[in-house]
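Colleague: Chains as they are written, first to last, in our numbering: chain A, 9 to 216; chain B, 9 to 216.
For every residue, glycine included, the Cβ atom is placed at its ideal position computed from N, Cα and C.
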DNA sequence: GCCGTTTGGCTAATAGGCGTAGCTTTCTGG
DNA sequence: CCAGAAAGCTACGCCTATTAGCCAAACGGC
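(1) Taking Cβ to Cβ, would you say residue 139/B is nearer than 9 Å to residue 160/B?
(2) Quick check on this structure: which residue in 197/B, 182/B, 122/B, 189/B has the alpha carbon closest to the alpha carbon of residue 154/B?
(3) For a contact defined as C-beta to C-beta under 7 Å, what are the partners of residue 115/A on chain B?
(4) Among 145/B, 66/B, 199/B, 178/B, whose alpha-carbon lies nearest the alpha-carbon of residue 125/B?
(5) Would you mind working out which of 146/A, 165/A, 112/A sits nearest residue 136/A, comparing C-alpha positions?
(6) My understanding is that residue 98/B touches residue 72/B, with C-beta atoms under 8 Å, so please give their C-beta distance in whole angstroms.
(7) Since residue 76/B and residue 84/B should fall inside the 8 Å C-beta cutoff, what is the C-beta to C-beta distance between them, to a whole number of angstroms?
(8) Quick one: Cα of residue 117/A to Cα of residue 16/B, how far?
(9) Could you tell me which of 55/A, 49/A, 19/A sits nearest to residue 11/A, measuring between CA atoms?
(10) Per DSSP, what kind of secondary structure is residue 50/A in: helix, strand or coil?
(11) Which residues in chain B sit within 9 Å of residue 169/A, going by Cβ to Cβ distance?
(12) What's the gap between the Cα of residue 20/A and the Cα of residue 109/A?
(13) Round the Cβ separation of residue 14/B and residue 70/B to the nearest angstrom and send it over; I've been treating them as touching at under 8 Å.
(14) Does chain B have any CB closer than 9 Å to the CB of residue 60/A?
(15) Using a Cβ cut-off of 9 Å, pull out every chain B residue sitting near residue 196/A, in sequence order please.
(16) Could you spell out the range, first to last residue, of the alpha helix (DSSP H) harbouring residue 101/A?
(17) Please classify residue 152/A: does DSSP put it in a helix, a strand, or coil?
(18) What whole-angstrom Cβ distance do residue 152/B and residue 200/B have, given they're in contact under 8 Å?
(19) At the level of alpha carbons, what is the spacing between residue 64/A and residue 30/B?
(20) Going along chain B, which residues have a C-beta under 7 Å from residue 199/A?
(21) Looking at residue 51/B: is its Cβ nearer than 9 Å to the Cβ of residue 44/B?
(22) Does the beta carbon of residue 170/A fall short of 8 Å from some heavy atom of the ligand MG?
(23) Using a 10 Å radius around the Cβ and a threshold of 16 neighbouring Cβ atoms, would you call residue 131/A buried or exposed?
(24) Anyone know if the C-beta pair for residue 88/A and residue 172/A falls short of 9 Å?
(25) Helix, strand or coil, according to DSSP, for residue 178/B in the structure here?
(26) Considering only the alpha carbon of each residue, which of 62/A, 186/A, 141/A lies closest to residue 82/A?
(27) Can you tell me the Cα-Cα spacing of residue 24/A and residue 100/B, whole angstroms?
(28) Using CA coordinates, which residue listed in 42/A, 94/A, 105/A, 202/A is at the minimum distance from residue 174/A?
(29) In chain B, which residues lie less than 7 Å from residue 135/A when you measure between Cβ atoms?
(30) Can you give me the start and stop residues for the alpha helix (DSSP H) that residue 124/A sits inside?
(31) Rank 163/A, 42/A, 157/A, 150/A by C-alpha distance to the C-alpha of residue 133/A and give the top, closest one.
(32) Using a Cβ-Cβ distance cut-off of 9 Å, determine whether residue 156/A contacts chain B.
(33) Rounded to a whole number of angstroms, what is the C-alpha to C-alpha distance between residue 162/B and residue 78/A?
(34) For residue 126/B, would you say it is in contact with chain A, using Cβ-to-Cβ distances shorter than 9 Å as the test?
(35) Report the three-state DSSP secondary structure of residue 166/A (helix, strand or coil).
(36) In the DSSP assignment, find the unbroken alpha helix (DSSP H) run with residue 84/B in it and report its ends.
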């Protein structure tokens, strides 16, 4: 008969705790029953604060995407060019490794047609804008920026998803492999600029 | 009272049909009930042919990984260097786009400790070996091969997962972006070789 | 051709998930 | 102080997977 003092935000916070506790599959394994247990409440009571499990998952995803945007942004303030790109990618990977469940949540793509996904679409677009901003520092032609952004996103996202999924044996050397990937991306993006001369280091040299 | 004529293989075949019918989320949405409905059989009857849903999913995953290995292999026979890498990556992406559900199945990593995952581990290792073989043609030092393999896997896998997940707006230009990514990977891998000179072309390659 | 065994289907039932309906209790605002 | 909103609850319906036990169809030996 006592009240648990829940609120929509509190439920989302508990959901994130459950996600964090579940490792890389924490988001996939998120369940209303677990949240209710953690809140000390019967499962149907959660519907007083949340529309559905799908809604709750969407809110968790939005928060995770915004967190990722925030760490990426703060990793690149005051930096430019290759250094900014390296810091961005490193912060991105660090967030994924520190919060694997939340990072898995960010992989949920918004439905372009569903109005309920509008804020998620916005959050996702904002996170891409951080990459765009960093790559603008390379002086790329406008029509090449999108290709560079996609390559960087693909490389970093692919790397961390493979890493989180256990796709890499020999865990010791993973940091070095990530550095090599960043070298490739930095050099590759720089090579897209018309007038050679990358604004920062190149680490592996550039090609004509 | 008539018999449906099922077998373990037939059940797996039906499972793959269900996966294929479900688009990118077909694997996540795979359910014994759907398979049973497609077979014209009650759900518990499937247990005469399959150990559990987890077993069945594992078998689907193994098949998908082997298919991916096969298309990657046949795309690279008789080719070497940059051309082989481009064809490998293109075949990889084509498989993912043609069979999004099956490609999603390949993303589940084997548990390194679970003996039931042994054949999946082997299949996954075989698929990585295709990339290793292609990259060997670049004349990399042994301790750089692993970094190059990881970078290629990360780039291609990241690209197709983002593409399948709807992470790219403006669908028209995706082919070009993939080509740009391949340019970066080819140049980046070539740059890892001690004696400059990439063995194949360096410009943007071909594609139908 | 017949009998016994294996095999492949079935129904019934358990356990756990989401979600709805409706009741009761607690808090709050006038 | 009391009415009504808010936040719990239980009971239920429907969907999963999975187990247990039954029954009929197919098959092997003779």
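Modeller: So, to answer that:
(1) As a position in the second chain, residue 139/B is number 131, starting the count at 1. As a position in the second chain, residue 160/B is number 152, starting the count at 1. Result yes, Cβ atoms of residue 139/B and residue 160/B sit closer than 9 Å.
(2) The sequence position of residue 154/B within the second chain is 146, counting from 1. The residue with the shortest Cα to Cα distance from residue 154/B is 197/B.
(3) Within the first chain, numbered from 1, the residue matching residue 115/A stands at position 107. Ordered by position in chain B, the residues that pass the 7 Å Cβ test against residue 115/A are 173.
(4) Within the second chain, numbered from 1, the residue matching residue 125/B stands at position 117. Minimum Cα distance to residue 125/B is reached at 66/B.
(5) Numbered from its first residue, the first chain carries residue 136/A at position 128. Nearest of 146/A, 165/A, 112/A to residue 136/A, Cα basis: 165/A.
(6) Within the second chain, the letter at position 90 stands for residue 98/B. Within the second chain, the letter at position 64 stands for residue 72/B. Their Cβ separation, rounded to whole angstroms, is 18 Å, which puts residue 98/B and residue 72/B out of contact at 8 Å.
(7) On the second chain, position 68 is the one that residue 76/B refers to. On the second chain, position 76 is the one that residue 84/B refers to. Rounded, the Cβ-Cβ distance is 13 Å, inconsistent with contact.
(8) Locating residue 117/A in the first chain gives position 109, where the first residue counts as 1. Locating residue 16/B in the second chain gives position 8, where the first residue counts as 1. Going from the Cα of residue 117/A to the Cα of residue 16/B covers about 35 Å.
(9) Stepping through the first chain from its first residue, residue 11/A is reached at position 3. Among 55/A, 49/A, 19/A, the Cα nearest to that of residue 11/A is on 49/A.
(10) Reading the first chain from its first residue, position 42 is the one you call residue 50/A. In the structure shown, residue 50/A falls within a coil segment according to DSSP collapsed to helix, strand and coil.
(11) Position 161 of the first chain, counted from the first residue, corresponds to residue 169/A. Ordered by position in chain B, the residues that pass the 9 Å Cβ test against residue 169/A are 115, 162, 165, 166, 169.
(12) Residue 20/A sits at position 12 when you count from the first residue of the first chain. Residue 109/A sits at position 101 when you count from the first residue of the first chain. Rounded to the nearest angstrom, the two C-alpha atoms are 14 Å apart.
(13) Within the second chain, numbered from 1, the residue matching residue 14/B stands at position 6. Within the second chain, numbered from 1, the residue matching residue 70/B stands at position 62. That pair is no contact at about 20 Å.
(14) Along the first chain, read from residue 1 onward, the residue named residue 60/A stands at position 52. It does not; no Cβ of chain B falls within 9 Å.
(15) Here residue 196/A refers to the residue found at position 188 of the first chain. Near residue 196/A (Cβ distances below 9 Å), the residues of chain B are 188, 189, 191, 192, 193, 195, 196.
(16) The sequence position of residue 101/A within the first chain is 93, counting from 1. Taken as a continuous stretch (DSSP letters only), the alpha helix (DSSP H) holding residue 101/A covers 89-106.
(17) By 1-based counting over the first chain, the position of residue 152/A is 144. DSSP places residue 152/A in helix when its eight states are reduced to three.
(18) Taking the second chain and counting its residues from 1, the one referred to as residue 152/B is at position 144. Taking the second chain and counting its residues from 1, the one referred to as residue 200/B is at position 192. That pair is a contact at about 5 Å.
(19) For the purposes of this step, residue 64/A is identified with residue 56 of the first chain, where counting begins at 1. For the purposes of this step, residue 30/B is identified with residue 22 of the second chain, where counting begins at 1. Between residue 64/A and residue 30/B, the C-alpha separation is close to 24 Å.
(20) Taking the first residue of the first chain as 1, we reach residue 199/A at position 191. Going along chain B in sequence order, the residues near residue 199/A (Cβ under 7 Å) are 195.
(21) Within the second chain, the letter at position 43 stands for residue 51/B. Within the second chain, the letter at position 36 stands for residue 44/B. A contact, by the Cβ cut-off of 9 Å.
(22) Ligands displayed in this structure: none; no statement on the ligand MG is therefore possible.
(23) As a position in the first chain, residue 131/A is number 123, starting the count at 1. Classification of residue 131/A: buried, given that the 10 Å Cβ count is 16 or more.
(24) Here the question's residue 88/A lines up with position 80 in the first chain. Here the question's residue 172/A lines up with position 164 in the first chain. It is not a contact, given that the beta carbons lie outside the stated cut-off.
(25) Mapped onto the second chain, residue 178/B falls at position 170. If DSSP states are grouped into helix, strand and coil, residue 178/B belongs with coil.
(26) As a working note, residue 82/A is residue 74 in the first chain. Looking at the Cα atoms, 141/A is the closest of the given residues.
(27) Walking along the first chain from the start, residue 24/A turns up at place 16. Walking along the second chain from the start, residue 100/B turns up at place 92. Each residue's Cα considered, the two are about 35 Å apart.
(28) By one-based count along the first chain, residue 174/A stands at place 166. The option with the nearest alpha carbon to residue 174/A is 105/A.
(29) Against the first chain, residue 135/A aligns to sequence position 127. Under the 7 Å cutoff, chain B gives no residues; its nearest Cβ is about 10 Å from residue 135/A.
(30) As a working note, residue 124/A is residue 116 in the first chain. That residue, residue 124/A, is in no alpha helix (DSSP H); it is neither H nor E in DSSP.
(31) As a working mapping, residue 133/A is identified with position 125 in the first chain. When each option's Cα is compared against that of residue 133/A, the closest is 157/A.
(32) Here residue 156/A refers to the residue found at position 148 when the first chain is read from its first residue. With 9 Å as the cut-off, residue 156/A counts as an interface residue toward chain B.
(33) Residue 162/B sits at position 154 when you count from the first residue of the second chain. Residue 78/A sits at position 70 when you count from the first residue of the first chain. So the two alpha carbons sit approximately 23 Å from each other.
(34) Reading the second chain from its first residue, position 118 is the one you call residue 126/B. It does not: the Cβ of residue 126/B has no partner Cβ on chain A nearer than 9 Å.
(35) The residue labelled residue 166/A in the question sits at position 158 within the first chain. Of the three classes helix, strand and coil, the one that applies to residue 166/A here is helix, per DSSP.
(36) The residue you call residue 84/B lines up with position 76 of the second chain. First-last of the alpha helix (DSSP H) with residue 84/B: 61-84.
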